[in-house]
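Chains as they are written, first to last, in the numbering used here: chain A, 547 to 823; chain B, 547 to 823; chain C, 547 to 823; chain D, 547 to 823; chain E, 547 to 823; chain F, 547 to 823.
Number of protein chains: 6
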Amino acid sequence: MLIKEIEQFIEEDLGHDDISCTLVPDRSAEAIIFTKEACTVAGLGEAGAIFNYLGVRAETSLKEGDELEAGALIFRLKGGAVSILRAERLALNFLGHLSGIASLTSSCVKLVRKHSKSTRVACTRKTTPGIRKFEKRAVVAGGGDAHRFNLSDSIMIKDNHIQLMGIEAAIRAARKASFTKKIEVEVESEGAAVLAAGLGADIIMLDNMKPEEIVSTLKVLEEKGLKQSVLVEASGGISRENLEEYAKTGVDVISMGALIHKARWTDISLEVINYAE
Amino acid sequence: MLIKEIEQFIEEDLGHDDISCTLVPDRSAEAIIFTKEACTVAGLGEAGAIFNYLGVRAETSLKEGDELEAGALIFRLKGGAVSILRAERLALNFLGHLSGIASLTSSCVKLVRKHSKSTRVACTRKTTPGIRKFEKRAVVAGGGDAHRFNLSDSIMIKDNHIQLMGIEAAIRAARKASFTKKIEVEVESEGAAVLAAGLGADIIMLDNMKPEEIVSTLKVLEEKGLKQSVLVEASGGISRENLEEYAKTGVDVISMGALIHKARWTDISLEVINYAE
Amino acid sequence: MLIKEIEQFIEEDLGHDDISCTLVPDRSAEAIIFTKEACTVAGLGEAGAIFNYLGVRAETSLKEGDELEAGALIFRLKGGAVSILRAERLALNFLGHLSGIASLTSSCVKLVRKHSKSTRVACTRKTTPGIRKFEKRAVVAGGGDAHRFNLSDSIMIKDNHIQLMGIEAAIRAARKASFTKKIEVEVESEGAAVLAAGLGADIIMLDNMKPEEIVSTLKVLEEKGLKQSVLVEASGGISRENLEEYAKTGVDVISMGALIHKARWTDISLEVINYAE
Amino acid sequence: MLIKEIEQFIEEDLGHDDISCTLVPDRSAEAIIFTKEACTVAGLGEAGAIFNYLGVRAETSLKEGDELEAGALIFRLKGGAVSILRAERLALNFLGHLSGIASLTSSCVKLVRKHSKSTRVACTRKTTPGIRKFEKRAVVAGGGDAHRFNLSDSIMIKDNHIQLMGIEAAIRAARKASFTKKIEVEVESEGAAVLAAGLGADIIMLDNMKPEEIVSTLKVLEEKGLKQSVLVEASGGISRENLEEYAKTGVDVISMGALIHKARWTDISLEVINYAE
Amino acid sequence: MLIKEIEQFIEEDLGHDDISCTLVPDRSAEAIIFTKEACTVAGLGEAGAIFNYLGVRAETSLKEGDELEAGALIFRLKGGAVSILRAERLALNFLGHLSGIASLTSSCVKLVRKHSKSTRVACTRKTTPGIRKFEKRAVVAGGGDAHRFNLSDSIMIKDNHIQLMGIEAAIRAARKASFTKKIEVEVESEGAAVLAAGLGADIIMLDNMKPEEIVSTLKVLEEKGLKQSVLVEASGGISRENLEEYAKTGVDVISMGALIHKARWTDISLEVINYAE
Amino acid sequence: MLIKEIEQFIEEDLGHDDISCTLVPDRSAEAIIFTKEACTVAGLGEAGAIFNYLGVRAETSLKEGDELEAGALIFRLKGGAVSILRAERLALNFLGHLSGIASLTSSCVKLVRKHSKSTRVACTRKTTPGIRKFEKRAVVAGGGDAHRFNLSDSIMIKDNHIQLMGIEAAIRAARKASFTKKIEVEVESEGAAVLAAGLGADIIMLDNMKPEEIVSTLKVLEEKGLKQSVLVEASGGISRENLEEYAKTGVDVISMGALIHKARWTDISLEVINYAE
């Protein structure tokens, strides 16, 4: 986290002056952060940076993506009591929100692994405004793929582009536009998938297609010798509930906005365990 | 939304250059935004500001907190196709995330109303870092209370403060600190609640107390003639599932971090309906 | 002070390049900061942060609000001569401006104490744009009350609100809007004061009322049993000159924009006392 | 004012959400801003920019530095009542603070003109952190000179520089450093003034010298034929009270930190005169 | 250009106050911007945004990348004389710098076209800090390829990575890291090129290899049936002078830091052609 | 460099996440930065600040403006391999760009010294947007003069100003505007130069005048006794190629936009020399 990011978040949670804390006589203290439920932990770097900015030493033996039991220790903190109390809510908001995303991702990846060794689980650009960078990292911590970061990151040819200029012209223009970026084409039918693959798309996104349509599309691509050169991604309306049906298709990538927008926070807590005399 | 906020969010989603859109011949277009499921809408101002910044006219007849049926129209858009496509994801992220919060809040308020006419449903400081302002507004749109915004907003005496200086000294110091701010004291027992109320706290937060303990505490406060001058808030581990039990206690305020951290996004979509020749 | 604030102030006073200092051979030096006149000191944290940012060690045994004699030492500095010279003007501007505010506040509080033990002296939102946070802290350092920080901080129902919707509707709406914020109502007559108190306002601000009108209003509120539940604030045209007349009324709060906009800077100086060979 | 400056000031005064104003039904309104006391007006551009940002039309026939009678109209406003109320305090803070500085400057210039046609009255770098740009403009509006803006603006050789490297070496280095910047040397004696002028300084600042010493120094410079090529500035402890003594010396420039740090705000008010039905 | 970017650049060139312009009586004026030498124009959007921010109407019939003769008109301007003078230098700095880059790029592309129809000319990350976005766009305007934007944009395995973990492990890790990003491997020998292509790299960058080595490497890749699936890029020490030798190899991409760091500004001028009476 | 500047540059080159580096196992490493060609070095402070921000120790025994042989060592680095790789490109971009400017400046100064001992070589406001501060410092490192920094820095009366108000009025207004700033007048003829000098300009800029016209103008100024009080600057179309002709005129200052816009980067490289086991 950049210092300007830390300061933006601290300003939001502290405001102009933290009155409650000015009442308290400052003393050095020790505290712990632990999880109240099993989770895949994420946000360690973000929480650590916040404590560090406020002069609190935060020690952890964990790394992003570690699987924790309920009750597991996350951080051991040492510093001024006032600083610990000031950092508490903000650090926990990062840990709880990001661990929630990592945990949902991890559980989705496990479901997929029951049916496919190589299928990736990816998030999308449906992220909370302002903290995409952190949320995408949490998906990666959970074993998922960050997908493209923003509109500049890779070239995505969507239905609107196709409607405006036709699929051939769109792919041709895309290939000309950049040699460093992959070209992904969003299609809604088997025919369009074959067409896009034949035109040299790097990734074919099957939008809102049913598992059986995906299977059939993969088969046709294979038959036409096009499967080797493209990655096929299933997308649209996929959640933890119906995920296995998609995993069984053996598609290369399953992308789910739900990794972020259906995640719920992990319940993580801070407890002061000792005040110096 | 301030211009600097809009630009921060646009930079995040656009990156240095939106290649996909540069491929497309720009044409003026019309589009609609509608909800795919029933919801309490929020984020109209945020989405409108984003479209406006990019030169897209966004018209709506709705206001924050309106209850919508599945399929209901939210915005009618007119502008360059490229600008509409550029604003799409960001505007939908705000609408989906904030309407999700407003909808959960609204449904919680309705549950509470079945048992209590006046009990407020409030969120907490457990908000997604960077967009607390917008999330708190969504809670208000859903009929909830924003609670205190940050550490400077009102004085909250928590267990750590009490441990560090004792409840009497803490309340006395708080009263001296500011005449414009309410003093809220977090207690974990009936006895502490009575003590805090007697010392002149404005709000007593019953932390992690069971519904029956809340009922009993309210009764004792009433008996001692202290109930008139304080608001009593129940907090800790309350979610939509166990909410009614708390509503039945007749407590003044029920605060739920869950309004934000258990909300799921409303499914809201944009569709281009017409391109000019 | 956040790093971004320090850098904003340093950029203002340094510009793109401090030519004069680049002429000088840098040497380590010692300097002192002292006050040339008796004062209540404020701005220690701000000045310290500036020196610290530029790598100068700044030691002080004082705390905000200490009363100093003319000639008293404020800081003992140690660092590169160039850095000390660079920080000098900016640090002194904070110390001089803020100590001036603290000193005026402190002298006003003393005047009030001659007549009332509990009456608070508060500033208003009439502050120098850009540094309200620091000016309000200086008022607190001088023994005053910071009053509400900004428009989001507490609810203030002013004449314009009353004109637009009537006092009853305004207070009712305010009570519904938030349970964490006090409601202050600005009134210009005894009758309106009684009405507002009866409707449940937390603070009644008597705007531009004469001392004798204040006395009479306090008496009526007392007689009607409304005084216990409200704080009464006198405001409008009060300065150090006429302050005692208001103090004699025994009103709860006297608010004075003058604490800030009539303060004059304390004369504080830096002197280099030693250059290393 | 840059948009980022306006937004910084608005954020400071509005906070996350202006609750009071959300209570009010918005209506279009007309208001006036007028001065309650005679003044030299300044801050018109700043106030206008704030109203403009919030969508309020602000019309004035005045220009910076106009002399106003008590009661004179400054702005006529038209816009939403809520927007007018939101801009009110911030716009008045600029107008009151800056007109106070312009008025004090103007009165000092008039005192000086009684004794000298050409002597300039200048401010210094003793300005309120964060708004130097606006305060210096107010000095100019009042007929004063802005002096150097910051450490990069011109070269100032002060006692510390001289102590560190000697006056000759300092001036020689300064002349070499830049051909576009004037060199000002701060001296404390007649001898040093003559030395500095002889070495080619552009401006000699007589620091803390008494009027009679200034007269004598000017005379010696004249006699030695050095007066033509330098400007002589008197500085140190000069306020409105002792200003005329310095004006009588005929020195070229009198610089006074007091223009800013002893100014008091002009009493300027906003009144809503009409609400649309 | 975002408003915050425009304001950053304007602050740099204007400073706190543009004194020269405040001397001038403002009048509406017309001006033209034209090129004094043949060029490939770039920076039209940037210059236009600057004029627009300052209220000057800037009309052009050109688009990025147009080839201009010496003397050709670029913009026709209409607005206040002071605003035109204020925007002049900044707008010309963008136009001159970016057109210089576009022109060098365009001339390099033409040289390459003499020998190869499809070889791309790309820039690198050797760009002027702070304005990469604009410089990369200028390369594109000149017919070049922007290459990857920053370290997050695509995966580049360089000698240091290979040294730290071996080429196989590095490529395997890269493939696992993201399915949306191409993997580029930097090699220094034919053998390493074949190895990387065999391991599934998307782009092979031949670093500092001579044209004859490039030819031989391409031939081996072709023979081994690996050429179809990779793009081959030549890089290192290539400038306009030796470019044709590389073009003759038929390599897919030639990347040249020189497009930016050896470009010289195009000589573009502004002339006021008319002042309104 | 301010922290906010460092973070802006790092964000530009790193993006949201440096994928390549996350693949690498981090190890502590040592590296060197050296120049591949003879140069006048500049940018040491900027590069050092970047390494320092990323936790890499960067040691150098050089100072800005030192003349280096090809192969000379610039920095010795010690830190995490990932951090060194992350800082590499950005630090080298500063070193290469700024050393290029310093080297061109230095070579121009040497050419001028062959003919004139005192003539200064200065840059102009033709600088790359966003990094003027650094480029001007590089000119100074190379022995040149930074000229005025921006429009607020000194008063420049250009042809447009003269056209709008006449030369006499313009100079009179300028003298009145500020006593701390020099007045520079841009003229295109001997007559105008004499007029401006007579009116008290501090600097006369001979715009686009040929060497023989410059000689003749200097002679006339000398004859009229005006030369002593003004500096004469030659400007317009001067590059390294025709510089000596101007140097021979003995003019006080030669200003060249070319110092920046015709500079080419110095070829500077980083090499990792050791990885810890």
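For each residue, glycine too, the CB sits at the ideal point set by N, CA and C.
- DSSP, reduced to helix, strand and coil, places Cys-669 (chain C) outside both helices and strands of the structure shown, so it counts as coil.
- When rounded, the separation of the alpha-carbon atoms in Ile-760 (chain F) and Ala-738 (chain F) is 12 Å.
- Using a C-beta cut-off of 8 Å, the segment 714 to 724 of chain B makes no contact with the segment 560 to 569 of chain C, since fewer than three inter-stretch Cβ pairs fall below that distance.
- Here Glu-592 (chain C) really is in contact with Leu-644 (chain C); their C-beta atoms are around 7 Å apart, less than 8 Å.
- The alpha-carbon separation between Asp-691 (chain E) and Ser-801 (chain D) amounts to approximately 58 Å.
- For the pair Lys-704 (chain E) and Glu-732 (chain E), the CB atoms are nearer than the 9 Å cut-off.
- If you check each beta-carbon in the segment 548 to 571 of chain D against every beta-carbon of chain C, the ones closer than 9 Å belong to Glu-551, Gln-554, Phe-555, Glu-557, Glu-558, Asp-559, Leu-560, Gly-561, His-562, Asp-563, Asp-564, Ile-565, Ser-566, Cys-567, Thr-568, Leu-569, Val-570 and Pro-571.
- Taking a cut-off of 8 Å on C-beta distances, the segment 809 to 820 of chain C touches the segment 630 to 640 of chain C, as three or more cross pairs fall below it.
- In this chain, the beta strand (DSSP E) harbouring Lys-624 (chain E) covers 619 to 626.
- For Thr-568 (chain C), there is no enclosing beta strand (DSSP E); the enclosing alpha helix (DSSP H) covers residues 565 to 569.
- For a Cβ distance threshold of 9 Å, residue set His-562 and Asp-563 of chain C lies close to Lys-679 (chain F), ordered along the chain.
- Partner residues in the beta bridge of Met-702 (chain D), as assigned by DSSP, are D:Glu-730.
- At the C-beta level, Lys-550 (chain C) and Ile-596 (chain A) stay beyond 9 Å of one another.
- For Lys-794 (chain B), the nearest beta carbon of chain D is not closer than 9 Å to its own beta carbon.
- When DSSP states are grouped into helix, strand and coil, Leu-752 (chain C) belongs to the strand group.
- The segment 582 to 589 of chain B makes contact with the segment 604 to 622 of chain B, as at least three CB pairs between them are under 8 Å.
- Note that the C-beta distance between Ile-630 (chain D) and Leu-641 (chain D) is not below 9 Å.
- Between Leu-752 (chain A) and Gly-796 (chain A), the C-beta spacing is not below 9 Å.
- In the structure shown, Val-776 (chain E) falls within a coil segment according to DSSP collapsed to helix, strand and coil.
- Judged by DSSP in its simplified three-state form, Val-587 (chain D) adopts coil rather than helix or strand.
- Shortest Cα-Cα distance from Pro-757 (chain E) to any of E:Ser-724, E:Gly-746, E:Ile-729 and E:Lys-794 involves E:Lys-794.
- At a cut-off of 9 Å, the C-beta of Leu-697 (chain E) has a neighbouring C-beta in chain F.
- Beta-bridge analysis with DSSP links Val-799 (chain C) to C:Arg-666 and C:Glu-779.
- Residue-level contact by beta carbon fails for Ser-662 (chain E) and chain A, as no gap is shorter than 9 Å.
- Lys-679 (chain B) sits away from His-807 (chain B), with the two beta carbons spaced by 9 Å or more.
- Under a criterion of Cβ atoms nearer than 8 Å, the residues of chain E adjacent to Arg-683 (chain D) are, in order, Asp-563.
- Residue environment analysis places Glu-768 (chain D) among the exposed positions, since fewer than 16 neighbouring C-beta atoms fall within 10 angstroms of its C-beta.
- By the rule that beta-carbons nearer than 9 Å mark a contact, Lys-609 (chain F) does not touch chain D.
- When the alpha-carbon of Gly-744 (chain C) is set against those of C:Lys-722, C:Leu-772, C:Val-799 and C:Asn-820, the nearest one is in C:Leu-772.
- Look at Thr-763 (chain C) here: in three-state DSSP terms it is helix.
- Under the 10 Å beta carbon count, Glu-730 (chain C) is surrounded by 16 or more other beta carbons and is classified as buried.
- As computed with DSSP, Ile-819 (chain B) is found in no beta bridge at all.
- A Cβ of chain D is located within less than 9 Å of the beta carbon of Glu-730 (chain F).
- Contacts with chain D at 9 Å (Cβ-Cβ) include Val-799 (chain F).
- Going by C-alpha positions, Glu-558 (chain A) is about 26 Å away from Lys-582 (chain A).
- Residue-level contact check: Val-818 (chain A) touches chain B, since one or more beta carbons of chain B fall below 9 Å from its beta carbon.
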